Amino acid sequence: MSPTPHKPVLAAQAALLSILLVGCSQPPAPTTASPEATGSGQGSVQLTNCGEEKTYDTPVERIVATSNSSNVGTLLDVGAVDQIAAMSLNENNDEVFQQLYGVDVSAIPRLQSPIPLESIVAKNPDLLIGSYSGLFAGSSGVTPEVANANGIPTYVISDSCRQDPTDPGSKLGVMGPWDAVRTDLANYGELTGHQQQAEERIADLNARLDALDAAPRPEAAPKVLLFDSGTDDLYTSGGNGAPQGIIEKAGGQNIFADQDTTWFHASWESVAQAQPDVIVIMDYRSGNADEVTTKLDTLRNQEGLKNLPVIEQNRIIVLPLALFTSGSPNIAAAESLRQQFDQMGLTPDSGITGAFGGYGA
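Shown next, in the form of structure tokens:
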């Protein structure tokens, strides 16, 4: 939470890049929680992205999609598979998107992290998508300001907008998780020329969310820990991230819902104090056969956790991380979680089934 051959970067281009990289950073505009789009989707379109008014030439034809595998799913959901020039999606997740959207993404070139500016420029993109928790955090030298200075239009994934756009270290998240998905669906429809399909996908998303809302609820919602990674501490998600919306719609309660941020590091002691009823492990599908086993061992050997009922009764669910970063696949994650909660007796039987409902520890 990755179809055109690489162009070589000429020496003159490389020299120009080194010049443009100096002193090109500018503070972004103030953030708003209600991006809106105007325009026909042909010629140009004006969007509000993280509070900044931007005009894009449309339809975009060469998208470089980074930072967030679920957001690649949003592009696929609006029918833009042929407009992705490169993406940072692990190949082991291709089958996830084949199952969800019926498209083969295996021919799309992949970008390997860390992603330098040169590898992006080589794709000759007309749109670069990233997040402030990923590429645009700037660890590889790429920010929206740097990309724009090199003639590359940028779009920031909506769930990663900074609460204080003037502070690079600001907490992230200025809108609800499902509003972020709807915003990106609508904006990608405008940017790619697939407005009607985007409207249809938003309607489908809303109908499925309504079905989850109508499902019977237990007297007390099961407390849920999302375990992304970590040993000395753990990487998890707070009240502003996509997992918050997923867990809520599935009928659960995120034990870190009170944290005013998206993804963050937490202590194992705080997990033990919260006493989760169920743990959801993120499977990166990294190609490491021991990834999930290692995470299970980490949980089962933690002092303060190993004797809790959630561990002793193996109330552990494993799902692909590609469903849990912000994007269209989030609805499949919520449905899959609800099915698992029902099967564990944590929620009343709802009749809801998920695309990955049987994928457990």
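One gets this note's numbering by counting positions in the sequence shown from 1 and adding 1 to each.
Where a beta carbon is used, it is the ideal one built from N, C-alpha and C, also for glycine.
Keep in mind it's a predicted model, so treat the numbers as computed, not measured.
Query raised in the report: Which runs of the alpha helix (DSSP H) spanning at least 4 residues fall entirely within the region 111–181, listed in chain order?
Result: Runs found: 118–122 and 145–150.
Query raised in the report: With which residues is Met88 paired in a DSSP beta bridge?
Result: On the sequence shown, residue 88 is found 87 positions in, with the first residue counted as 1. Met88 pairs with Ala66 and Arg111.
Query raised in the report: How would you call Ala323, buried or exposed, if buried means at least 16 neighbouring beta carbons within 10 angstroms?
Result: Residue numbering aside, residue 323 sits at position 322 when the sequence shown is read from its first letter. It counts as buried.
Query - Best match in Ala138, Tyr156 and Asp185 for proximity to Leu170 [C-alpha to C-alpha] - result: Start at 1 with the first residue of the sequence shown, and residue 170 comes out as number 169. This sequence places Gly at residue 170; Leu is not what is there. Ranking the options by Cα distance to Gly170, first place goes to Ala138.
Requested in this report: Keeping to the same chain, check which residues put their C-beta closer than 8 Å to that of Gly44; ignore five residues upstream and five downstream.
Outcome: Taking the sequence shown and counting its residues from 1, the one referred to as residue 44 is at position 43. Within the same chain, Gly44 has close Cβ partners Asp58 and Thr59.
Requested in this report: Using 10 angstroms around the beta-carbon of Thr363, count the other beta-carbons present and answer buried if the total reaches 16, otherwise exposed.
Outcome: The structure shown does not extend to residue 363, since the chain is modelled only from 2 through 362, so no value can be given for it.
Query raised in the report: From what residue to what residue does the beta strand (DSSP E) around Gly45 run?
Result: One-based indexing of the sequence shown puts residue 45 at position 44. One detail in the question is off: residue 45 reads as Ser in this sequence, not Gly. Gly44 to Asn50 is the span of the beta strand (DSSP E), which, as asked, contains Ser45.
Query raised in the report: In three-state DSSP terms, what is Phe98?
Result: Position 97 of the sequence shown holds residue 98. If DSSP states are grouped into helix, strand and coil, Phe98 belongs with the helices.
Query raised in the report: What number of angstroms, rounded off, separates the C-alpha of Leu136 from the C-alpha of Ala87?
Result: Indexing the sequence shown from 1 puts residue 136 at position 135. Indexing the sequence shown from 1 puts residue 87 at position 86. For Leu136 and Ala87, the gap between their C-alpha atoms comes out near 14 Å.
**Report entry** Residue(s) in a DSSP beta bridge with Ala222
**Finding:** Locating residue 222 in the sequence shown gives position 221, where the first residue counts as 1. Note: Ala222 sits in no beta bridge, so no partner.
Query - Nonlocal neighbours in the same chain, by C-beta distance under 6 Å from Ser230, ignoring five residues either side - result: Here residue 230 refers to the residue found at position 229 of the sequence shown. Counting only Cβ-Cβ distances below 6 Å, and skipping sequence neighbours, we find Tyr236.
**Report entry** Counted within 10 angstroms of its Cβ, other Cβ atoms place Gln274 as buried (16 or more) or exposed
**Finding:** Position 273 of the sequence shown, counted from the first residue, corresponds to residue 274. Exposed.
Report task. Quick one: give me the first and last residue of the alpha helix (DSSP H) that Ala267 is part of. Result -> The residue labelled residue 267 in the question sits at position 266 within the sequence shown. From DSSP, Ala267 is part of no alpha helix (DSSP H) but of the beta strand (DSSP E) over Trp264 to Ala267.
Report task. Can you say whether Lys307 is buried or exposed, counting buried as having 16 or more other CB atoms within 10 angstroms of its CB? Result -> Position 306 of the sequence shown, counting from 1, holds the residue named residue 307. By the neighbour-count rule (16 or more Cβ atoms within 10 Å), Lys307 is not buried but exposed.
Requested in this report: With a cut-off of 8 Å on the beta carbons, I'd call Ile64 and Ile85 a contact; round off their distance for me.
Outcome: Taking the sequence shown and counting its residues from 1, the one referred to as residue 64 is at position 63. Taking the sequence shown and counting its residues from 1, the one referred to as residue 85 is at position 84. That belief holds up - the Cβ atoms of Ile64 and Ile85 are roughly 5 Å apart, short of 8 Å.
Report task. Pick out whichever of Leu101, Ala333, Asn149 and Thr326 has its Cα sitting closest to the Cα of Pro244. Result -> In the sequence shown, the residue the question calls residue 244 occupies position 243. Looking at the Cα atoms, Thr326 is the closest of the given residues.
**Report entry** Reduced DSSP category for Ile353 - H, G, I as helix; E, B as strand; rest coil
**Finding:** In the sequence shown, the residue the question calls residue 353 occupies position 352. Coil at Ile353, not helix or strand.
Query raised in the report: Beta carbon of Leu226, beta carbon of Val272: below 7 Å?
Result: Start at 1 with the first residue of the sequence shown, and residue 226 comes out as number 225. Start at 1 with the first residue of the sequence shown, and residue 272 comes out as number 271. Going by beta carbons, Leu226 and Val272 fall inside the 7 Å limit.
Query raised in the report: So Leu173 packs on Thr262, CB below 8 Å; how close in whole Å?
Result: Translated into positions along the sequence shown, residue 173 becomes position 172. Translated into positions along the sequence shown, residue 262 becomes position 261. With 8 Å as the limit, Leu173 and Thr262 qualify as a contact, their Cβ atoms being about 6 Å apart.
Query raised in the report: Do you know how far the Cα of Leu213 is from the Cα of Asp83?
Result: Counting from 1 along the sequence shown, the entry for residue 83 is found at position 82. Counting from 1 along the sequence shown, the entry for residue 213 is found at position 212. Cα-Cα distance, rounded: 32 Å.
Requested in this report: Assign Ser134 to one of two classes, buried (16 or more other C-beta atoms within 10 Å of its C-beta) or exposed (fewer than that).
Outcome: Numbered from 1 along the sequence shown, position 133 holds the residue referred to as residue 134. Label assigned to Ser134: buried.
Requested in this report: Measure the Cβ-Cβ separation of Gly253 and Pro223 and say whether it is below 7 Å.
Outcome: For the purposes of this step, residue 253 is taken as residue 252 along the sequence shown, with counting starting at 1. For the purposes of this step, residue 223 is taken as residue 222 along the sequence shown, with counting starting at 1. Yes, the Cβ-Cβ distance between Gly253 and Pro223 is below 7 Å.
Query raised in the report: According to the neighbour-count rule (16 or more other Cβ atoms, all chains shown, within 10 Å of its Cβ), is Pro29 buried or exposed?
Result: By one-based count along the sequence shown, residue 29 stands at place 28. Since pLDDT at Pro29 reaches only 34, below the 50 mark, its modelled position is unreliable, and the value read off the structure follows with that caveat. Classification of Pro29: buried, given that the 10 Å Cβ count is 16 or more.
**Report entry** Residues that DSSP places opposite Leu320 in a beta bridge
**Finding:** If you number the sequence shown from 1, residue 320 lands on position 319. In the DSSP output, where bridge partners are listed per residue, Leu320 has Met283.
**Report entry** Euclidean distance between Cα positions of Ile130 and Ser71
**Finding:** The residue labelled residue 130 in the question sits at position 129 within the sequence shown. The residue labelled residue 71 in the question sits at position 70 within the sequence shown. Across the structure, Ile130 and Ser71 are spaced so that their CA atoms are roughly 12 Å apart.
Query - Separation of Ile153 from Gly194, as counted between CA atoms - result: Along the sequence shown, one-based indexing puts residue 194 at 193. Along the sequence shown, one-based indexing puts residue 153 at 152. Whole-angstrom Cα-Cα distance: 19 Å.
Query raised in the report: How about Ala187 and Asp160: do their beta carbons lie closer than 7 Å?
Result: Indexing the sequence shown from 1 puts residue 187 at position 186. Indexing the sequence shown from 1 puts residue 160 at position 159. The criterion of a C-beta distance shorter than 7 Å is not satisfied by Ala187 and Asp160.
Report task. Please report the Cβ distance between Gly257 and Ser287, rounded to the nearest whole angstrom; I am assuming they are in contact, meaning their Cβ atoms lie under 8 Å. Result -> Residue 257 sits at position 256 when you count from the first residue of the sequence shown. Residue 287 sits at position 286 when you count from the first residue of the sequence shown. A small correction: the amino acid at residue 257 is Phe; Gly does not occupy that position in the sequence shown. So it is not a contact: roughly 24 Å between Cβ atoms.
Query raised in the report: Would Glu336 be called buried (16 or more neighbouring beta carbons within 10 Å of its own) or exposed?
Result: As a working note, residue 336 is residue 335 in the sequence shown. By the neighbour-count rule (16 or more Cβ atoms within 10 Å), Glu336 is buried.
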